[in-house]
Amino acid sequence: MFNATRVLGVAYRGISLEALGMEAGVGYSSTVDIAGNNIEKKFPVVVEGRVQGTKPHQSNKDKSDKKDVVTVGYYTAKGTRILTIHAHEDGTWVEFLSRAGKALLASLQGKEGSSKSK
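Take a look at the structure:
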């Protein structure tokens, strides 16, 4: 049986990581790149990231987050959003799972047995 291995990682549509780095700063593009690699390992069905603007801003979703953020959505090949992140310039990010992402995480955890995640 043949299993193809994905080599390219998450593809960014619309705004590239290079454009994000030039307009928002290298810290943001680096965070998005690292987060994308992490997310791809956690959710292998994620194939696409969509950067939702290059101007860092305060989060409307998480009022406790005092750092400026850049928002990126992560999607399957069929266009289902699995999660959105708020990327910070300092290399950290916050993940917000969609309903589909929560269901996927629950099914993945069910396969792993007793492992738990927040």
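Quick note on the numbering used here: the sequence shown kicks off at 7 and runs consecutively. Beta carbons are placed, not taken as given, at the ideal position from N, Cα and C, and that holds for glycine.
Pick from the options: whose alpha carbon is nearest that of residue i?
i           : options          : result
residue 49  : 93, 83, 95       : 83
residue 74  : 116, 59, 51      : 59
residue 35  : 88, 113, 96, 104 : 96
residue 79  : 109, 72, 70, 39  : 39
residue 104 : 116, 98, 85, 94  : 85
residue 63  : 98, 25, 30, 81   : 30
residue 94  : 37, 32, 22       : 37
residue 44  : 98, 108, 33      : 98
Just to confirm my understanding: we take residue i, look at its own chain, exclude 5 residues before and 5 after, and list those with CB closer than 7 angstroms. What are they?
i          : result
residue 68 : 92, 100
residue 25 : 60
residue 21 : 57, 60
Taking a contact to mean a Cβ-Cβ separation below 8 angstroms, would you say residue i touches residue j in this structure?
i          : j           : result
residue 46 : residue 76  : no
residue 89 : residue 102 : yes
residue 57 : residue 18  : yes
residue 87 : residue 106 : yes
residue 27 : residue 42  : no
From the DSSP secondary-structure annotation, give me the bridge partner or partners of residue i.
i          : result
residue 91 : 78, 101
residue 54 : 17, 81
Apart from the five residues on each side of it in sequence, which residues of its chain come closer than 8 angstroms, Cβ to Cβ, to residue i?
i           : result
residue 110 : 49, 51, 88
Residues in its own chain within less than 6 angstroms of residue i by CB, not counting five upstream and five downstream?
i          : result
residue 65 : 71, 75, 92
residue 53 : 83
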